[in-house]
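Just below is one structure, and these are the notes that go with it.
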Amino acid sequence: MTARPALLIATLLAGSTLATAAGAADLTIGLKSEPTSMDPQFHNLATNTQVLENIFEGLTKQDAVQRLQPGLATTWEAVDDTTWRFTLRDGVKFQNGSAFTARDVLYTLCRPPLVENSPSSYTIYTGDIVDASAADDHTVIIKTEAANPLLPTNMASLPILSADALGAEKTITYKPKGECEGLGEVPQSPAFNAPEVAVGTGPYELKEFTRGSQLVLTKFDGYWGDAPAWDTVTMRPITSDGPRVAALLAGDVDMIESPPIQDIPRIKDAGFKIVDALSNRIIYLHLYQQDDKAPSIEGTDGKNPLLDKRVREAISLAINRPAIVERIMGGYAVAAGELLPPPMFGTNGRDADTYDPDKAKQLLAEAGYPNGFTITLGTPNDRYINDEKVAQAIAQMLTRIGIKTNVDAMTASQFFSRRNALDFPVYLAGWGAASGEMSSPLKSLVATYDKATGMGPTNAGRYSNPDMDKVLIEAMSTIDDAKREDLLKKAEGLVLDDYGIIPLHYEQTVWAMKPALSYEARVDQYTIAAEVKPAQ
Amino acid sequence: MIVYLVRRLGQSLIAVAAMAILVFVGVYAIGNPVDILINPEATQAEIAATTHRLGLDRPLLEQFGIFVWNALHGDLGRSFVYGRPAMEIILERLPATMELALVALILSVGIGVPLGVLAGLKPNSVGGRSIMAGSILGFSLPNFWQGMLLILVFAVLLGWLPAGGRGETVDLLGVRVSFLTLDGLKHLILPALNLALFKMSLVIRLARANTREVALQDYVKFARAKGLSTRRVVLVHILKNIMIPVVTIIGLELGSMVAFAIVTETVFAWPGMGKLLIDSINLLDRPLIVAYLMLTVLIIVGINLAVDVLYSALDPRVRLSEVKA
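As given, the protein sequences belong to chains A and B, one line each in that order. If you count by this note's numbering, then the first sequence holds residues 1 to 536, one letter each, in order. If you count by this note's numbering, then the second sequence holds residues 1 to 325, one letter each, in order.
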């Protein structure tokens, strides 16, 4: 990929294809990954969600900045701490013509535990629902085991299925743990490849899903909201970066997600439009703080220096975040001082730590490590944007203050298994807050690891701060939003003051498209075809 | 003949079993697929439940025992990622790869043999030399780079052909094929050419070397002396005799093209088995990986068998019953 003339010609080409894109009502998108199933309750992962949100809708939905908006429910309220009432939208039709009622909601809440072989179950959203009932056709009452302020947020991630299309009986009675009555024979995931089963209320209907090749959606004329912009939407999985960019340049596709950062200038030069936005994904360093038996640390006489707050602070101060953002991330990132970019719900508005290697050295000396020590930094090399390069840069910066750092980079599948086995004294990873608020990173990354309560599942540094836990648990059961936000701010402050985890940067998500298109960049990094519009 | 076939089949079964064990243990050693498949928000209890659901909480030996037992009953397991039988998913992708490999094969023989014979007959001419120089390029340029270059030239710069994907398909005897539609053909040309380039170079060199050798044989001289036309000498006497090594190589290479068209499929986003394998390895989808590689072994063994049978058709001196393989 060399010559300048190539770009010129590509520019001309792009120019000539613009006219067609503006006139035709078809849209083709090149995706980085492919959904594993058309069953919206099979595999709870962004890859599937972002595609299925065109066909199915939840009771609530998150807008581009993850604020909660009405979806199939127009209003919802907490009747008491454990009871929620959802009022459903009138006049909504499924793509098979049947009317949307409370029965469909009950069916949807009932099915997740009954989905066989699910590699990532939707029960994380429905597991705490002890009762659900229909007060009338358009009112649903949901009771949870304990107070759960995030229930309406969770409902945005649970797409509503059509009870009729899936063969349910007339009345459905909710019982927890998959013991609902009146579901009839519950269709399993492979059945959803058929358009008559994969029926939702969304703006597009499933026309054809050829695995590995393409997914074709057509406009649903009876959609309750604004009329969809495209007659046909085709989504093609093009997993390798280079070919995905080539497909855009060649005019095969109208839009691609995640072009490699180093190719962005080239894409811009060819006359395409780049849309980017700060994402909710924080890239962080986690430090092993369980005990003195930290793996792969040398030169400390068997002690674990990471247990010392001064050492953790030194590590944070040794990292030149603006340099990483500028040189490695090509400017498509923002230096982070928190676990979620402000002003999202529960953030304190802190700036990133200022680069100060002298103070870092001094702190190391105070902690009793004037000559530093040797440590290994684990990182995936194909999961986050330029992850391995960032880790290399950090290793150099840490080595400069005396902490000799070796980078151990590997493919994601291996990395996550080793990380979960506590194989690294320091590791680099990322976290995207699906709920769009602070309890998500706090609960998963820094709450004390506890199997029984489900706290700290991704806390593979085993950081533990009982004060923070207390505040967080209180926040997680506080329904009042203002009070909850204060508690979350306080909890986050406690972790950051303690350098329990070290934020590096917030990733920026990038899309490239023909200039005739517009897309409001989403914080959650989703590419939702229904939100791609012709440019004004 | 039958003894020979039985022996070959027995050998291939051993190869399949060895492959299954190696891959099974190897993938198990890399990591736990649940770690990468599950939603990051999942709690420890959810992770444990999923691990149990996929049967990954059992000891390796037990998992392997269950696998072998089911495999003997014709069930190679369900994909962790798709929740469907692994074989079903692979066979869904097989036609696309087969189509690509066969077209590439036709290209490499159809272009490679004539060019090779030409270069062999006139080794010192400008044409002969340029053909050899071209074949060196085809050999030495990396496959993925050739692919990217083809895309850059024909898709991005000239805009004649699409940059990737499979295009329109039609049903032919229950199999979806794309070579019968114009759109499908357009999508097929570049990846097939990419896959064929290396084999083509191989065929050219082989055909040239053999042509040079055969052209000096007494029977060719005799045929010439008899006053046969050059055309007949080349087409009948030379061509037929250089085909034996070419068929051997092509047989071996067809197997590898079907099984390992991975690079081409990835570069051109071709929805074949190779791309499926790469995706499955990234997600540690063990049932799919194991089933895929077992199928691959079977395909390669099958093709080798077919080559041996073809031999005897081409060369009357070879009789399969005599082959002690």
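All C-beta atoms in this analysis are idealised placements derived from N, C-alpha and C, irrespective of residue type, glycine included. From a predicted model like this one, the values you see are computed outputs, not experimental measurements.
- Around the beta carbon of B:G127, a 10 Å sphere encloses fewer than 16 other beta carbons of the protein chains shown; the residue is thus reported as exposed.
- If you look at B:Y219, you'll find it in the alpha helix (DSSP H) that goes 218 to 225.
- A:Q414 has a beta carbon lying within less than 8 Å of a beta carbon in chain B.
- In the DSSP annotation of this structure, A:P503 is not part of any alpha helix (DSSP H); the continuous beta strand (DSSP E) holding it starts and ends at 501 to 513.
- Here the C-alpha atom of B:I204 lies approximately 24 Å from the C-alpha atom of B:V153.
- Counting only Cβ-Cβ distances below 9 Å, A:K451 has contacts in chain B at T43, Q44, A45, A48, in chain order.
- In the structure shown, B:W69 adopts helical secondary structure according to DSSP, grouped into three states.
- Closer than 8 Å to the CB of A:G251 there is at least one CB belonging to chain B.
- Taking a 10 Å sphere around the C-beta of A:H505, we find 16 or more other C-beta atoms and assign the residue as buried.
- Bounds of the beta strand (DSSP E) holding A:D136 are 129 to 136.
- The beta carbon of A:T36 sits closer than 8 Å to some beta carbon of chain B.
- Under DSSP, A:G378 shares a beta bridge with A:D408, A:Y427.
- In the structure shown, A:D104 falls within a helical segment according to DSSP collapsed to helix, strand and coil.
- Residues of chain A whose Cβ lies closer than 7 Å to the Cβ of B:I36 are, in chain order, A412, S413, F416.
- Chain A places no beta carbon closer than 8 Å to that of B:A259, leaving this residue out of the contacts.
- By alpha-carbon distance to A:Q525, the top candidate from A:D292, A:S417, A:Y384 is A:Y384.
- B:I189 has a beta carbon lying at 8 Å or more from every beta carbon in chain A.
- For B:I303, the CB contacts under 6 Å within the same chain, skipping 5 residues up- and downstream, are G251, L254, G255 in chain order.
- Taken in chain order, the complete alpha helix (DSSP H) segments of 4 or more residues contained in the stretch 288 to 338 of chain A are 309 to 318.
- With contact defined as three or more Cβ pairs closer than 8 Å, the stretch 403 to 419 of chain A and the stretch 433 to 452 of chain A are not in contact.
- In this structure the stretch 174 to 182 of chain A touches the stretch 103 to 114 of chain A; the number of beta carbon pairs closer than 8 Å is three or more.
- Taking 8 Å as the CB threshold, A:E208 stays off the interface with chain B.
- At a cut-off of 8 Å between beta carbons, A:R400 makes no contact with chain B.
- With its beta carbon at least 8 Å from every one in chain B, A:L215 lies outside the interface.
- Secondary structure of A:P35 (DSSP, three-state): coil.
- At a cut-off of 8 Å between beta carbons, B:T181 makes no contact with chain A.
- Chain B places a beta carbon closer than 8 Å to that of A:R236, counting this residue as a contact.
- Using a CB distance cut-off of 8 Å, B:M87 does not count as an interface residue toward chain A.
- Under the three-state reduction of DSSP, B:A18 is assigned to helix.
- Looking at A:V79, A:T74, A:T108, A:R67, the one whose alpha-carbon comes closest to that of A:D39 is A:T108.
- Counting C-beta atoms within 10 angstroms of its own C-beta, A:K268 has fewer than 16 neighbours from the protein chains shown and is therefore classed as exposed.
- Annotation: A:T347 is outside any alpha helix (DSSP H) and is labelled neither H nor E by DSSP.
- In the same chain as A:P187, and ignoring 5 residues on each side of it, the C-beta atoms closer than 8 Å to its own belong to L166, G167, V197, in chain order.
- For a cut-off of 8 Å, the C-beta gap from B:I289 to B:L277 is around 7 Å, short enough to register as a contact.
- At least 8 Å separates the beta-carbon of A:L68 from that of A:P159.
- Secondary structure note for A:A78: its beta strand (DSSP E) is the uninterrupted segment 73 to 80.
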